[in-house]
Amino acid sequence: MTKQRYFFLVLILGALTALSPFSIDMYLPAFPAIAKSLHTTRVSFSLASFFVGIALGQLLYGPLLDRFGRKNPLYAGLALYVLASAGCYFSGSIEMLCTWRFIQAVGSCAAGVASLAMVRDIFPVKDNARVFALLILVLSVSPLLAPTIGGYISAAFGWQVIFIILAGISLLITITIIFALPESYPPDPTYSLKPIPIITSFLQVLKNPQFYTYAICGAVSFSALFTYLSASPFVFIVVYGLSSKVYGWIFAFLSIGFIGSSQLNNMLTKRFKSEQIVNVSLLCMVIISAIFLVGSLNNWFGLYGTIGMIFAILCCVGITYPNTSALSLAPFSKNAGTAAALMGVFQMAFGTLVSVVVGLFKNHNTVPMAVIIAVSSLVAFVILLIGRRMVPQQIDEPVAGEANVMVH
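Numbering-wise (the working numbering), the sequence shown opens with residue 201 and increments by one.
This is the structure:
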């Protein structure tokens, strides 16, 4: 494989990985416009429905990709995504928008799951870690650019046009993979799609104390990010009176905290164990979120203070998440793919829950967001303290060769 071909394939797979995040980030600045257009205060429910779709889709596409090859389920998912995007464009009520966003999420899951599997198929095993690092760089484009683009589109053409743009992106990706992305895994008619074997694998993973401790702890702490995603459009646009364009730039800046701290974690893991990093980062998150809550209740923070507190919280999430993920998957070899799917379901489940809770509040200030983040941080830390006592022997990293199974 030539160097140019190598990075071209990485770019295509990165675009597939970024489809779901782009679908979330791009429409966030349009929340107030959607609320006004559809006469509702429950716009965050459409985000919650998207999270539910992602959670269920992850469980759906894993077996399909192994049974029917990579590209056919991918084509089906992308076609479903385009159809749902059109449905979002024509939605005249929040109920209809939530329904189509759910379907759109299920379609987008094909892109994310297929891209992970195809990394393992296409590239040499020794290059997998490097390829995933490059995918993260491509993925980071979404929070940096999507809200800004979405803000300008919403202001200039209306929020509905955002979904036409998303459909166009999906069509462009589809055309590209038809002509430029090889089928990396042939259909396997011997692969069983019967529910009993699949359910048995999930139950085996759930019985592992290290998995459920760090998977649930990580998912609860990660829900702080979902809280921010759901609440920030109203906090910055409605409470602080910023335009959707300015919100896009603030969103991009705050994303640097999450992305940068996750890259900083690579340096920390060279000196400390993942367990130690999780302990410190979660404790810092509890303290910072408590300060944010007290300050919100007493009106200590203006716009810049709020931005600073959210930035610090996202930095804690960015450090905690990679380590809880690694510790969750570390005990597994054969069932690593199943464990990864369950971990994703936990994340989306808690993300959905906090998004619904955010939608129930009247967003007149930063207190609802601060309350939910503080509670999430404290609950995650308590789960960590209790759960790690049940782990008989800590496994800090996969045994040799195990990481390759995780992405399949």
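Glycine is no exception: its CB is placed at the ideal position from the N, C-alpha and C atoms. Since we're looking at a predicted model, the values are computed, not measured.
For residue 266, the enclosing alpha helix (DSSP H) stretches over residues 244-268. Assigned with DSSP and collapsed to three states, residue 436 falls in helix. Remark: three or more beta-carbon pairs, one from each stretch, lie closer than 8 Å, so the segment 551-571 and the segment 419-432 are flagged as touching. Counting other Cβ atoms within 10 Å of its Cβ, residue 494 stays below 16 and is therefore classed as exposed. Its Cα nearest to that of residue 477, the residue 518 stands out among 451, 518, 459. The residues 216, 219, in chain order, have a CB closer than 6 Å to that of residue 311 in the same chain once the five nearest residues on each side in sequence are set aside.
The alpha carbon of residue 586 has as its nearest neighbour, out of 464, 440, 390, 413, the alpha carbon of 413. Per DSSP, reduced to three states, the secondary structure at residue 475 is helical. Going by beta carbons, residue 285 and residue 342 fall outside the 8 Å limit. The C-alpha of residue 238 lies about 40 Å from the C-alpha of residue 318. For residue 235, the uninterrupted alpha helix (DSSP H) segment begins and ends at 231-238. Taking C-beta atoms under 8 Å as the contact rule, residue 568 and residue 451 fail to qualify, at a distance of about 18 Å.
With respect to residue 417, residue 580 sits close: the two C-beta atoms are nearer than 8 Å. Setting aside the 5 residues that flank it on each side, residue 398 is surrounded in the same chain by 263, each with a C-beta closer than 7 Å to its C-beta; the list follows chain order. Shown here, residue 384 sits in coil according to DSSP, grouped into three states, outside any helix or strand. Counting C-beta pairs with one atom in each stretch, the segment 499-514 and the segment 452-466 have three or more that are closer than 8 Å, which means they touch. Secondary structure note for residue 281: its alpha helix (DSSP H) is the uninterrupted segment 271-289.
The beta carbons of residue 306 and residue 269 sit no closer together than 8 Å.
DSSP, read as helix, strand or coil, puts residue 203 in helix. Residue 400: member of the alpha helix (DSSP H) spanning 395-406, first to last residue. The count of Cβ pairs closer than 8 Å, one atom from the segment 288-301 and one from the segment 380-392, stays below three, leaving the stretches out of contact. Contact annotation: residue 213 and residue 335 have beta-carbon atoms nearer than 8 Å. The beta carbons of residue 355 and residue 223 sit no closer together than 8 Å. Taking residue 360 as reference, the option from 468, 301, 254 with the minimal CA-CA separation is 301.
Cβ-Cβ separation between residue 364 and residue 350: approximately 12 Å, too far for a contact (criterion under 8 Å). Per the C-alpha coordinates, the member of 273, 366, 231, 380 positioned closest to residue 260 is 273.
Within the segment 467-533, complete alpha helix (DSSP H) segments of at least 4 residues are found at 474-497, 503-529, given in chain order.
Taking a C-beta distance under 8 Å as the contact criterion, residue 249 and residue 298 qualify as a contact pair.
Less than 8 Å separates the beta-carbon of residue 439 from that of residue 564. In this structure, residue 487 keeps its C-beta atom at 8 Å or more from the C-beta atom of residue 424.
One thing to note: residue 377 has its Cβ within 8 Å of the Cβ of residue 271. Distance from the CA atom of residue 442 to the CA atom of residue 324, rounded to whole angstroms, is 48 Å.
Rounded to the nearest whole angstrom, the CA to CA distance from residue 321 to residue 383 is 9 Å. Residues 251, 423, 426 of the same chain have their beta carbon placed closer than 7 Å to that of residue 551, with the five preceding and five following residues left out of the count.
Taking a 10 Å sphere around the C-beta of residue 228, we find 16 or more other C-beta atoms and assign the residue as buried. For residue 391, the three-state secondary structure derived from DSSP is coil.
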